[in-house]
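Engineer: Each residue of the sequence shown is one higher than the last, beginning at 1 in our numbering. We treat Cβ as the ideally placed atom computed from N, Cα and C, and that holds for glycine. Computed from a prediction, not measured in an experiment: that's the story for all the values here. Handing you this structure, nothing more for now.
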Amino acid sequence: MPQRPRNHAIAVAIPKPRTAPGTLVILAALVALAVALASLAPRAHAFSLFGGPKEVKAKNGVVQLALADVSDGKAHFYSYKTGGKDVQFFVIKSKDGQIRSALNACDVCYREKKGYTQDGDFMICTNCGQRFHSNKIMEVKGGCNPSPLARTLDAKTVTIREADLKAGVSYF
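Structure (structure tokens):
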């Protein structure tokens, strides 16, 4: 039986990729960005990679949110359009079991339009870095505390008056 020479090379055809020359570099950069954003996962942000806060509309003078949607301990961010501006707010169930709501702004840093992020039981001013325990939202006012937003509750719904949202337009 004849033996193949040991130095004989075998040719293999490797197909050329069907992507434009810079596509793989861009894809690698996007993957790196996604990994970096994932490292921020413990914090809830007012704005996500896929858009901003959820837009809500008033009906019969009120905005209603399902209580079940905001009862997980995470800050849920919303936007209400009025007077050509987006009034942003968040609703959170604090550690003490209370549903709390506030404008996504404060008396001090509102001009920067950066709002808050969540870190566990704390809301953090994205502009100055001050931390506010979620149990104090709606109880402590002024300074860099989240500006309280009145709400009412029933067994299934969080209700915020349209007039209260309109009153907050100067923050935005």
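Please list, in chain order, all residues of the same chain as methionine 138 whose beta carbon is under 6 Å from its beta carbon, the five residues on each side excluded.
Structural biologist: Contacts found: Arg100 and Pro148.
Engineer: Can you check DSSP and say which residues form a bridge with lysine 59?
Structural biologist: DSSP output for lysine 59 lists Val62 as bridge partner(s).
Engineer: I'd like the list of long-range same chain contacts for glutamine 64, defined as Cβ closer than 6 Å, with 5 residues on each side in sequence excluded.
Structural biologist: So the qualifying residues of the chain are Thr157 and Thr159.
Engineer: To the nearest angstrom, how far is it from the Cα of alanine 163 to the Cα of proline 146?
Structural biologist: Answer to the nearest angstrom: the Cα atoms are 18 Å apart.
Engineer: Any idea which residues DSSP pairs isoleucine 185 with across the strands?
Structural biologist: In the structure as shown, the chain starts at 1 and stops at 172, and residue 185 therefore has no counterpart that could be examined.
Engineer: Tell me whether serine 94 is buried or exposed, calling it buried when 16 or more other Cβ atoms sit within 10 Å of its Cβ.
Structural biologist: Looking at its Cβ environment, which holds 16 or more other Cβ atoms inside 10 Å, serine 94 is buried.
Engineer: With DSSP run on the structure shown, which of helix, strand or coil describes serine 147?
Structural biologist: It is coil, neither helix nor strand.
Engineer: State the start and end residues of the unbroken beta strand (DSSP E) segment that holds lysine 81.
Structural biologist: It spans 76-82 - the beta strand (DSSP E) in which lysine 81 sits, taken as one unbroken run.
Engineer: From glycine 83 to threonine 117, what does the alpha carbon distance come to, in whole angstroms?
Structural biologist: Distance between the alpha carbons of glycine 83 and threonine 117: 26 Å.
Engineer: Since lysine 54 and phenylalanine 172 are thought to touch, with beta carbons under 8 Å apart, how far apart are those beta carbons, to the nearest angstrom?
Structural biologist: So it is not a contact: roughly 16 Å between Cβ atoms.
Engineer: Would you say valine 87 and glycine 143 are within 8 Å of each other, going by their C-beta atoms?
Structural biologist: Taking 8 Å as the Cβ cut-off, valine 87 and glycine 143 do not qualify as a contacting pair.
Engineer: DSSP on isoleucine 137, reduced to helix/strand/coil?
Structural biologist: Looking at isoleucine 137 - three-state DSSP - the assignment turns out to be coil, as it is neither helix nor strand.
Engineer: Is the beta carbon of alanine 70 sitting closer than 8 Å to the one on valine 56?
Structural biologist: Checking the sequence shown, residue 70 turns out to be valine, not alanine. Cβ atoms of valine 70 and valine 56: not closer than 8 Å.
Engineer: Taking 8 Å as the cut-off, decide whether the C-beta atoms of asparagine 127 and lysine 141 are in contact.
Structural biologist: Cβ atoms of asparagine 127 and lysine 141: not closer than 8 Å.
Engineer: At the level of alpha carbons, what is the spacing between isoleucine 124 and arginine 131?
Structural biologist: Rounded to whole angstroms, isoleucine 124 to arginine 131 spans 4 Å at the Cα level.
Engineer: Identify, in the order they occur along the chain, each residue of the same chain with its Cβ nearer than 6 Å to the Cβ of tyrosine 78, setting aside the five sequence neighbours on each side.
Structural biologist: The residues are Pro53, Lys54, Val56 and Phe89.
Engineer: Compute the beta-carbon to beta-carbon distance between arginine 151 and glycine 61, rounded to the nearest angstrom, for a pair I have assumed lies under 8 Å.
Structural biologist: With a Cβ gap of about 14 Å, arginine 151 and glycine 61 do not count as contacting.
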